[in-house]
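**Student:** I'd like to ask some things about the structure below.
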């Protein structure tokens, strides 16, 4: 997992260097904090626009899917935070396999939740149909 983070950081650093060089050559005079403000702001609003459109469409069909996506995203941040924390504090091993195991645990338990909801839905439909027959 350390290698994956190093590769991602190298990519981010390369993009950062290119942006600094381009804005420097254009004499825009942005410092590092201003570049972060602009770039992260733009990336954030693009992600928001895509997410907003996607979630509006999904909401027509199921709020559960939106809840799952949100929970999954927050869970990824938490799990990666735990793994990075283990690396920093040296109180465990930072391993990608731990991230996968944690996420799979959530997916497994979520599937059980969906099955239970499906059973409840089917039972309610059966009861409803029996009442209509009378």
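In this note's numbering, the protein residues as written are 23 to 156.
The beta carbon of each residue, even a glycine, is placed where N, CA and C say it ideally should be.
If distances are taken between C-alpha atoms only, which option among 139, 103, 92 and 141 comes closest to residue 24?
**Tutor:** Position 2 of the chain shown, counted from the first residue, corresponds to residue 24. When each option's Cα is compared against that of residue 24, the closest is 103.
**Student:** Output yes or no for whether 8 Å exceeds the beta carbon distance between residue 99 and residue 121.
**Tutor:** As a working note, residue 99 is residue 77 in the chain shown. As a working note, residue 121 is residue 99 in the chain shown. Not a contact, by the Cβ cut-off of 8 Å.
**Student:** According to the neighbour-count rule (16 or more other Cβ atoms, all chains shown, within 10 Å of its Cβ), is residue 32 buried or exposed?
**Tutor:** The sequence position of residue 32 within the chain shown is 10, counting from 1. Per the 10 Å Cβ criterion, exposed.
**Student:** Which same chain residues, not among the five before or five after residue 45, have their C-beta less than 6 Å away from its C-beta?
**Tutor:** Position 23 of the chain shown, counting from 1, holds the residue named residue 45. Counting only Cβ-Cβ distances below 6 Å, and skipping sequence neighbours, we find 52.
**Student:** Between which two residues does the alpha helix (DSSP H) holding residue 52 run?
**Tutor:** On the chain shown, residue 52 is found 30 positions in, with the first residue counted as 1. Element bounds for residue 52: n/a, residue is neither H nor E.
**Student:** Along the chain, where does the alpha helix (DSSP H) that runs through residue 89 open and close?
**Tutor:** Taking the first residue of the chain shown as position 1, residue 89 is located at position 67. That run of the alpha helix (DSSP H) goes 85-111.
**Student:** What's the C-alpha gap between residue 72 and residue 79?
**Tutor:** As a first step, residue 72 must be located in the chain shown, where it is residue number 50. As a first step, residue 79 must be located in the chain shown, where it is residue number 57. Between residue 72 and residue 79, the C-alpha separation is close to 11 Å.
**Student:** Tell me whether residue 105 is buried or exposed, calling it buried when 16 or more other Cβ atoms sit within 10 Å of its Cβ.
**Tutor:** Position 83 of the chain shown holds residue 105. Residue 105 is buried by the Cβ-count criterion.
**Student:** Looking at the secondary structure, which residues open and close the alpha helix (DSSP H) in which residue 151 lies?
**Tutor:** Along the chain shown, one-based indexing puts residue 151 at 129. Note, residue 151: alpha helix (DSSP H), 118-155.
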